[in-house]
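Residue numbers (the numbering used here): 12 to 389.
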Amino acid sequence: MKIENLVAYPLRCRLERPFSYSQKWVTHRTTVLVKVMTDEGITGWGEVFCHDAWAAVTGMIEQTYKPLLIGRNPLDIEIIWEHLYNWTKDYGQKGITTAALSGVDIALWDIYGKATGLPIYQLLGGAFRQQIQAYATGMYITECADPAIALAEEACRYVEQGFRAMKMKVGFGIQADTRYIQSVRSAIGEDVELMVDANHAYDVASAIRLGRILETYDIAWFEEPVSPEDVAGYCRVRQALDIPIAGGEAEFTRYGFRDLIVQGAVDIVQPDLCLTGGISEGRKIATLASAWHVRCLPHVWGTAVGLAAALHFLAALPNIPPSLNPQPLMVELDQTEHPLRQLTYLPGYVKDGFIQVPDQPGLGVEVDETHLARYCPS
12 MKIENLVAYP LRCRLERPFS YSQKWVTHRT TVLVKVMTDE GITGWGEVFC HDAWAAVTGM
72 IEQTYKPLLI GRNPLDIEII WEHLYNWTKD YGQKGITTAA LSGVDIALWD IYGKATGLPI
132 YQLLGGAFRQ QIQAYATGMY ITECADPAIA LAEEACRYVE QGFRAMKMKV GFGIQADTRY
192 IQSVRSAIGE DVELMVDANH AYDVASAIRL GRILETYDIA WFEEPVSPED VAGYCRVRQA
252 LDIPIAGGEA EFTRYGFRDL IVQGAVDIVQ PDLCLTGGIS EGRKIATLAS AWHVRCLPHV
312 WGTAVGLAAA LHFLAALPNI PPSLNPQPLM VELDQTEHPL RQLTYLPGYV KDGFIQVPDQ
372 PGLGVEVDET HLARYCPS
């Protein structure tokens, strides 16, 4: 079997109701889907998490990676990964090059599963679990009369839908953050897990100050408290607080995660498989994390393609630490407006706060190709 063609589909759609987090207002949703075709008629799909960098990602895939892939055996996944990574190493150890590689890698795993008739989790060694608890990611700031009330109402809707864990945004100033957290916690009660994500809005001193307030509200983890480049700052925040510290959604490859893990910067690593190097590199990051007894819960913020990759990945991870009553491995389920999600379909989806791991060959995702052109930016 040989790779016959490769196409990148940049997709972009304006939102009806923009929302914000600590860094910016989100007015559009974007992604890049990657389609790899073989001479045996088997097609694989991948996804790239790239925000507004869709043009650069598309160019990297179609102009740099495509000529290197045509004629290759798509099942040589590790060989291809190393070849593409090392081809761009002199200028691209992180960023667009690795993000683009991630989409290609996921598509190759999809082909591998379809060629063997097996779901990806089986190719990864088998499933420790057939369903995974989902946590709702939402509670961004929108234009409204009182964000604290709006956030509490949104959180209650997630509880009504069966979610037992959810994550909200912080990073709007310590006083505002405290008010928002207090409002949400009061609305959902003490039995629902609540996580917060600052999207690296604070310096070390401010993050520690907010973290001490968070501890009084039984927060499950404090995500990206400081800038991703500031590993030493992460260490200082973690040492000062009792609350678990999470990070890594903006990190790339095992080499970047090595520094977070070995230096003791985080309790939870959050690689995004559509950014950090795909399923192949995600496995290495998870193995490194397990050697240091650090939990691995991937970041997910795209279509069903990226979500399915995360589900297979999580299904094949052991509990850390092993226990009869382990801390559950959870998958992030974005609840914000995302019209591009309608282009991909994942069977099973959510029931009572859990997602069934797909058991179809490959990713187990269907892509509606008939409407892709509608969202491709000109």
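All residues carry an ideal CB built from backbone N, CA and C; glycine is no exception. All values reported here derive from a predicted model rather than from experimental measurement.
Around the beta carbon of T264, a 10 Å sphere encloses 16 or more other beta carbons of the protein chains shown; the residue is thus reported as buried.
At a Cβ-Cβ threshold of 9 Å, S31 and H211 do not count as neighbours. With a cutoff of 9 Å on beta-carbon distance, A321 and V376 are scored as not near each other. A straight-line Cα-Cα distance of about 31 Å links L351 and A198. Per DSSP, the unbroken beta strand (DSSP E) holding Y146 starts and ends at Q142 to T148. Under DSSP, the beta-bridge partners assigned to N16 are M48.
Assigned with DSSP and collapsed to three states, P255 falls in coil, not helix or strand.
Secondary structure at S31: strand, using DSSP grouped into helix, strand and coil. Nearest to Y146 by C-alpha distance, out of A231, Q74 and K100, is A231.
The beta-bridge partner set that DSSP reports for R25 consists of H39. Per DSSP, the unbroken beta strand (DSSP E) holding F233 starts and ends at I230 to E234. Partner residues in a beta bridge of V170, as assigned by DSSP, do not exist. Across the structure, V45 and N16 are spaced so that their CA atoms are roughly 11 Å apart.
By DSSP's assignment, V248 forms no beta bridge with any residue. In the three-state scheme derived from DSSP, where H, G and I count as helix and E and B as strand, I88 is classed as helix. DSSP assignment within the region 304-347 yields the following whole alpha helix (DSSP H) runs of 4 residues or more, N-terminal first: 315-326. Three or more Cβ pairs closer than 8 Å define a contact, and the region 47-59 meets that threshold against the region 111-120.
The three-state secondary structure of V273, taken from DSSP, is helix. Sixteen is the threshold: since fewer than 16 other Cβ atoms of the shown chains lie within 10 Å of the Cβ of D87, the residue is exposed.
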